[in-house]
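Novice: Sequential numbering of the sequence shown, starting at 1, is according to the numbering used here.
Even for Gly, the Cβ is constructed at its ideal location relative to N, Cα and C.
The structure that follows is given in the form of structure tokens.
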Amino acid sequence: MTWLLFALALAALVAAALVPSLAAGLACVLVSLLLTVLASMRLLVAHAEQSARQSRREPALSPPQ
């Protein structure tokens, strides 16, 4: 799903270059930025969840006795 958001963001940038209207081009750029931010946030959340799961599996190192 995240890579789909990045692909849609790229498609919106391509559309911005192809549309004749400045307003439509700016709208495409804004949509592209929004999709890029959403995809980046999804990746950050997935990474945080993976790190949390991994830290729960690995017990903390205790000092030698």
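May I have the straight-line CA-CA distance separating Leu8 from Arg42, to the nearest angstrom?
Specialist: Working through the sequence shown from its first residue, we reach residue 8 at position 8. Working through the sequence shown from its first residue, we reach residue 42 at position 42. Rounded to whole angstroms, Leu8 to Arg42 spans 15 Å at the Cα level.
Novice: When burial is assigned at 16 or more other CB atoms within 10 Å of the CB, is Leu35 buried or exposed?
Specialist: Here residue 35 refers to the residue found at position 35 when the sequence shown is read from its first residue. With 16 or more other Cβ atoms within 10 Å, it is buried.
Novice: Sorry if obvious, but does the Cβ on Leu18 come closer than 7 Å to a heavy atom of the ligand GTP?
Specialist: Ligands in the displayed structure: none, and consequently the ligand GTP is not present.
Novice: Between Phe6 and Ala16, what straight-line distance do the alpha-carbon atoms span, to the nearest angstrom?
Specialist: As a working note, residue 6 is residue 6 in the sequence shown. As a working note, residue 16 is residue 16 in the sequence shown. Taking the straight line joining both Cα atoms gives about 15 Å.
Novice: List the endpoints of the continuous alpha helix (DSSP H) containing Met41.
Specialist: The count along the sequence shown starts at 1 and reaches residue 41 at position 41. From DSSP, the alpha helix (DSSP H) with Met41 extends over Leu22 to Arg57.
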